[in-house]
Amino acid sequence: MILRAAFGIMCFVLSSCSLGYGKLAPDFIHPCNATTRECLVKATQDAIPDFVKGIPSLDVPSLDPFVIERLSIPLNGLKVTFYKGKVTGFRKCIVDNVISELDKRHFVLEFHCNLTIKGQYDAVGRILLFPINGEGDAKVKLTNLRMKVDINTKYVKDKQGIDYFGIKSYKYSFDYGDRVHFDLKNLFKESKELSETVLNFLNENWKTVAEEFGKPLVDYAVDLAIRTIEVFFNKVPYSELIYVPLPA
Ligand SMILES: *[C@@H]1O[C@H](CO)[C@@H](O)[C@H](O)[C@H]1NC(C)=O
Ligand SMILES: *[C@@H]1O[C@H](CO)[C@@H](O)[C@H](O)[C@H]1NC(C)=O
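With mature numbering (1 follows the signal peptide of the UniProt record, and there is no 0) applied, the sequence shown corresponds to residues -22 to -1, 1 to 226, in that order.
Now the structure itself:
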């Protein structure tokens, strides 16, 4: 207890605990001195472009681009597989709000982004009224996808007594924003014309289509992003992320 208090005072005097331990947080992390909305939004916005590139020294994988090796989307009457996929655009996300209630172990992040998903697909079954039997290049563009992630955090102590943020649970909500544009080649292997007609139809009804088959893809992306943040939290001490004392 006394040792910890002494260490705390030392940290205070040196304004950081990095000396002797080696700072782990990358330079693009600008810790806030208080959990004000203004500071948290700015700090999060500052960190995103670099964070999403990945941090090899901390085993934090890249989120922009992030790779979808293979994702099966099970739907009523339609079997879609998306593979060799790449999602880009997270580096330019705009942070709309951040709430950090340290004592309540509660964290909220709201942002919007333009994302591009590129890869290969195959699909057999029906989309809306149309029987589909296709495979080929797939590109989906989302304009101003809005997302709110609500995280229950926890504090975890390692063997040396150093505190870290943890993620206890999370939920999220989103909307597809202003527009989702599909470019799916070869929806019907037999007919180029029919493929184009149906593709136009899908784009005219983008909202219904996105709502019908977008969720698994978004779930996948959010889960990956959360796990990536978790890796980061497991490695970088609390004291390097925010300059506010850990709540009792
Ligand atoms: C926190 O306070 C320190 C010392 O006053 C200051 O140098 C730093 O810029 C502040 N950080 C932020 C993000 O405002
Ligand atoms: C997304 O693209 C639209 C149209 O090109 C643009 O108006 C908007 O500012 C972009 N949004 C973001 C978050 O970059």
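Glycine residues also receive a C-beta, built at the ideal position from the N, C-alpha and C atoms.
By a C-beta neighbour count over all protein chains shown, 10 Å radius and 16 as the cutoff for buried, is Asn164 buried or exposed?
Within the sequence shown, numbered from 1, the residue matching residue 164 stands at position 186. With 16 or more Cβ atoms within 10 Å of its Cβ, Asn164 is classed as buried.
Would you grab the beta carbon distance between Ile72 and Phe191 for me? Rounded to a whole angstrom, and I think it's under 8 Å.
The sequence position of residue 72 within the sequence shown is 94, counting from 1. The sequence position of residue 191 within the sequence shown is 213, counting from 1. Rounded, the Cβ-Cβ distance is 26 Å, inconsistent with contact.
Whose C-beta lies closer than 6 Å to the C-beta of residue 230 among residues of the same chain, with five residues either side of it excluded?
No information on residue 230 is available, as it lies outside the stretch -22 to 226 that the chain covers here.
Could you tell me the distance, in whole angstroms, from the CA atom of Asn75 to the CA atom of Phe152?
For the purposes of this step, residue 75 is taken as the residue at position 97 of the sequence shown. For the purposes of this step, residue 152 is taken as the residue at position 174 of the sequence shown. Going from the Cα of Asn75 to the Cα of Phe152 covers about 14 Å.
Coarse secondary structure for Ile220, derived from DSSP in three states:
Against the sequence shown, residue 220 aligns to sequence position 242. Strand, per DSSP.
Go through its chain and collect everything with a Cβ distance to Lys146's Cβ below 6 Å, but skip five positions before and after it.
What you label residue 146 is simply residue 168 of the sequence shown in a count that begins at 1. Answer for Lys146: Asn130 and Lys132, listed in chain order.
Beta-carbon separation of Lys70 and Asn92 under 9 Å?
The sequence position of residue 70 within the sequence shown is 92, counting from 1. The sequence position of residue 92 within the sequence shown is 114, counting from 1. Cβ distance < 9 Å, so Lys70 and Asn92 count as in contact.
What residue ranges within the stretch 4 to 42 form continuous alpha helix (DSSP H) runs of no fewer than 4 residues, ordered along the chain?
15 to 29
What is the rounded straight-line gap between the Cα of Pro223 and the Cα of Ser217?
Working through the sequence shown from its first residue, we reach residue 223 at position 245. Working through the sequence shown from its first residue, we reach residue 217 at position 239. Their Cα atoms are separated by approximately 8 Å.
Using only CA atoms, which one of Val45, Glu174, Ile77 and Glu113 lies nearest to Gly67?
Locating residue 67 in the sequence shown gives position 89, where the first residue counts as 1. For Gly67, the nearest C-alpha among the options comes from Val45.
How many Å lie between Pro109 and Asn54 at the Cα?
As a first step, residue 109 is located in the sequence shown; it is residue number 131 there, counting from the start. As a first step, residue 54 is located in the sequence shown; it is residue number 76 there, counting from the start. Approximately 13 Å, taken between the alpha carbons.
Those runs of the alpha helix (DSSP H) which lie wholly inside the stretch 165 to 210 and span at least 4 residues:
170 to 182 and 184 to 191
For Asn122, which three-state DSSP category applies?
As a working note, residue 122 is residue 144 in the sequence shown. Of the three classes helix, strand and coil, the one that applies to Asn122 here is strand, per DSSP.
Element boundaries [beta strand (DSSP E), containing Leu87]
Position 109 of the sequence shown, counted from the start, is the residue given in the question as residue 87. First-last of the beta strand (DSSP E) with Leu87: His84 to Ile105.
Would you say the beta carbon of Asn92 comes nearer than 8 Å to a heavy atom of ligand 2?
By one-based count along the sequence shown, residue 92 stands at place 114. Yes, Cβ of Asn92 sits closer than 8 Å to a heavy atom of ligand 2.
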